[in-house]
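In the numbering used here, the protein residues as written are -9 to 227.
We put the CB at the ideal spot given by N, CA and C, even for glycine.
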């Protein structure tokens, strides 16, 4: 795992976690399960795996390393400084605990101080990497908006009427079409690439929905939010 990835994993409070699963992609029509039979009309697909392997997602992941290099570098520098600050405190805490000379109260105070520094550092890293998290959320939302159409198109072309998640299957006496690759092909056609940087004022869907619910509860109209796929603009910087 790279340093950049570790930093993002630590400070991904706003990020819709980038899916890391790499699927075993589509069975050919002639491929079979244990019984050598494919159940007509039944399909299996992992949406997370399809998204992670889409051209739009993978391209955005690559572009993000360049577009947000300043944020990544700043976060890495701050993470190193935090580690340097915390290490001697942890070493002292361990030494005092092993020596048996420090009181329980003193040890608890040391532990609380270390934990506070860690929590403050996490908040600071989240703030530094907030643009990265917003970019991840923005790209994922664009992909998700095209995914439903891609799923329906793939199901229609393959004659699949029921689509299941691999996680929902306990046992199968027979086989089913693996639609991952078919859905991926449709998704790549519908969305070859995604906009990397959200427009000014954009908020993730979850936050927009929360605002709308709060406004509805108060009998007010929800404020308009920028669309997730505005007029085309150059990707990257």
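List the DSSP bridge partners of residue i.
i: residue 152; result: 32
i: residue 168; result: 34
Please state the DSSP three-state secondary structure of residue i.
i: residue 103; result: helix
i: residue 25; result: At residue 25, the pLDDT of 36 sits below 50, so the modelled position is not reliable; the number obtained from the coordinates is stated separately. Of the three classes helix, strand and coil, the one that applies to residue 25 here is coil, per DSSP.
i: residue 80; result: helix
i: residue 193; result: coil
i: residue 207; result: helix
i: residue 90; result: coil
i: residue 187; result: coil
i: residue 48; result: helix
i: residue 18; result: The pLDDT assigned to residue 18 is 36, lower than 50, so where the model puts this residue is not dependable; a value taken from the coordinates is nonetheless given after this. Residue 18 falls in the coil class under three-state DSSP.
i: residue 121; result: helix
Residues in the same chain with beta-carbon distance under 8 angstroms from residue i, minus the five sequence neighbours each way, listed in chain order, please.
i: residue 86; result: 92, 96, 97 and 100
i: residue 155; result: 34, 35, 36 and 37
Among the options, which has the Cα closest to the Cα of residue i?
i: residue 187; options: 54, 35 and 44; result: 54
i: residue 228; options: 106, 70 and 47; result: Since the first residue shown for the chain is -9 and the last is 227, residue 228 is missing from the structure and cannot be characterised.
i: residue 133; options: 182, 205, 76 and 192; result: 182
i: residue 107; options: 168, 149, 32 and 74; result: 74
i: residue 125; options: 170, 146 and 184; result: 184
i: residue 149; options: 169, 123, 51 and 130; result: 169
i: residue 44; options: 177, 197, 31 and 156; result: 177
i: residue 102; options: 114, 80, 113 and 90; result: 80
i: residue 33; options: 116, 167, 204 and 82; result: 167
i: residue 117; options: 61, 78 and 76; result: 61
i: residue 51; options: 122, 64 and 77; result: 122
i: residue 115; options: 189, 63 and 39; result: 63
Can you name, in chain order, every residue of its own chain whose Cβ lies under 6 angstroms from the Cβ of residue i, other than the five neighbours on each side?
i: residue 111; result: 72
i: residue 141; result: 173
i: residue 194; result: 127
i: residue 88; result: none
i: residue 16; result: Model confidence at residue 16 stands at a pLDDT of 36, short of 50, so the residue's coordinates are unreliable; what they give is reported in the following sentence. Counting only Cβ-Cβ distances below 6 angstroms, and skipping sequence neighbours, we find 168, 170 and 171.
Determine the burial state of residue i: buried for a count of at least 16 other Cβ atoms within 10 Å of its Cβ, exposed for fewer.
i: residue 57; result: buried
i: residue 84; result: exposed
i: residue 18; result: For residue 18, the predicted model reports a pLDDT of 36, less than 50, meaning its position is unreliable; a value from the coordinates is still stated below. It counts as exposed.
i: residue 208; result: exposed
i: residue 131; result: buried
i: residue 129; result: buried
i: residue 151; result: exposed
i: residue 139; result: exposed
i: residue 196; result: exposed
i: residue 69; result: buried
i: residue 158; result: exposed
i: residue 40; result: buried
Take residue i and list the residues in its own chain whose beta-carbon comes closer than 7 angstroms to its own, dropping the five residues that flank it on each side.
i: residue 143; result: 176
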